[in-house]
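In the working numbering, the protein residues as written are 19 to 324.
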């Protein structure tokens with residue numbers, strides 16, 4: 019790893035006074051020249067004071083939610099490579115060199131620390147199952163082969179900071195960043211990292227069902243926006259099948275007796291058939307618009323570099 023590169027370590031925190039000092043010290047050992055910035059997300063404890071005592075810059079983020087913190091990170095980050103890491107001391111600072119290496123070498127725009135449990139209890143069963151579900155959904159949509167979409171340990175190139183928009187407010191932000199990076203045709207690699215349980219007395223801010231539902235909803239929302247032909251084409255197929263089921267009876271009646279007795283089924287079936295065709299038309303139209311936007315983005319990006 020080229021340690022002469024301009025590197026910033028960005029740490030989102032919400033009430034992490036117990037662990038933030040150790041996290042800062044550990045990363046200072048590994049990256050002595052790096053700028054370390056702690057983002058105080060509405061902390062009600064002594065996180066900010068501890069962070070300053072350990073030599074970190076502190077930026078206050080007034081809106082609660084990890085997505086708002088990442089938005090502030092992107093606004094404040096001014097480095098060739100930025101390392102995002104949670105302030106709960108679950109990610110190993112000693113592996114940051116491995117994480118940065120592919121980005122520094124130009125082999126990737128984003129390196130994701132794919133978590134492997136270093137000790138029993140590091141992963142909750144529901145969290146593990148949810149992560150697998152999210153990975154399968156994202157991989158199916160994007161054609162990628164990622165194994166840990168929800169990791170909070172990442173190295174980002176300046177290209178990602180400049181080009182990837184972030185609009186999510188909560189823990190679905192990692193999913194959005196991943197999908198946005200893939201959509202903008204930037205490269206993502208995974209680097210296996212050890213994942214430790216939270217220290218005793220430290221509480222996770224993640225709510226499994228609530229935040230898991232938001233993550234899945236975000237995936238479908240981004241699918242609608244970035245893959246409209248796939249989204250509306252799938253919806254059209256469902257409507258077409260439903261229309262076929264509704265029309266099967268009336269068609270059979272008409273063929274057999276020349277009369278349609280199930281008029282309601284016929285009307286509903288025709289309505290579903292029209293909606294199915296409308297979904298196909300909408301998907302094709304939005305797909306064409308998306309393609310033009312990608313072309314414009316590519317041209318504007320090249321001009322910015324000149």
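The C-beta atom is built at its ideal place from N, Cα and C for all residues, glycine as well. None of the values given here were measured: they were computed from a predicted structure.
Backbone CA spacing between residue 206 and residue 164 [nearest angstrom]:
Going by the C-alpha atoms only, they are around 9 Å apart.
Hey, out of 287, 57, 81 and 40, whose CA is closest to residue 256's CA?
With distances taken between Cα atoms, residue 256 lies closest to 287.
Assuming residue 12 and residue 213 make a contact with CB atoms under 8 Å, what is their CB distance in whole Å?
Shown here, the chain extends from 19 to 324; a query on residue 12 therefore has no answer.
Rounding to the nearest angstrom, what Cα-Cα distance links residue 296 and residue 146 in this structure?
39 Å
If distances are taken between C-alpha atoms only, which option among 266, 56, 66 and 65 comes closest to residue 101?
Ranking the options by Cα distance to residue 101, first place goes to 56.
Closest by C-alpha distance to residue 263, when choosing among 248, 283 and 246
The shortest CA-to-CA distance from residue 263 to any of 248, 283 and 246 is the one to 283.
Go ahead and label residue 307 buried or exposed: buried means 16 or more other beta carbons lie within 10 angstroms of its beta carbon, across all protein chains shown.
exposed
How big is the Cα-Cα spacing for residue 28 and residue 153?
25 Å
Boundaries of the alpha helix (DSSP H) in which residue 262 is found, first to last residue
246-275
Less than 6 Å between C-beta atoms, sequence neighbours within five positions excluded: which residues of the same chain meet that for residue 24?
97 and 98
One question on the structure: do residue 13 and residue 197 come within less than 8 Å of each other, judged by their Cβ atoms?
For residue 13 there is no data in the structure shown, the boundaries of the chain being 19 and 324.
Work out the CA separation of residue 103 and residue 30 for me, nearest whole Å.
7 Å
Taking the beta carbon of residue 21 as the centre, do at least 16 other beta carbons fall within 10 Å, making it buried, or is it exposed?
With a pLDDT of 47 at residue 21, under the threshold of 50, the modelled position of this residue cannot be trusted, and the question is left open.
Would you mind stating whether residue 83 and residue 169 have Cβ atoms separated by less than 8 Å?
no
Under the assumption that residue 114 contacts residue 48 (Cβ atoms under 8 Å), give the Cβ distance between them as a whole number of angstroms.
Sure, about 5 Å apart at Cβ, within 8 Å.
So, at 7 Å on beta carbons, what are the nonlocal neighbours of residue 19 in its own chain, with the 5 sequence-adjacent residues on each side left out?
Note that residue 19 scores a pLDDT of 44, beneath 50, so its modelled location is shaky and nothing firm can be said.
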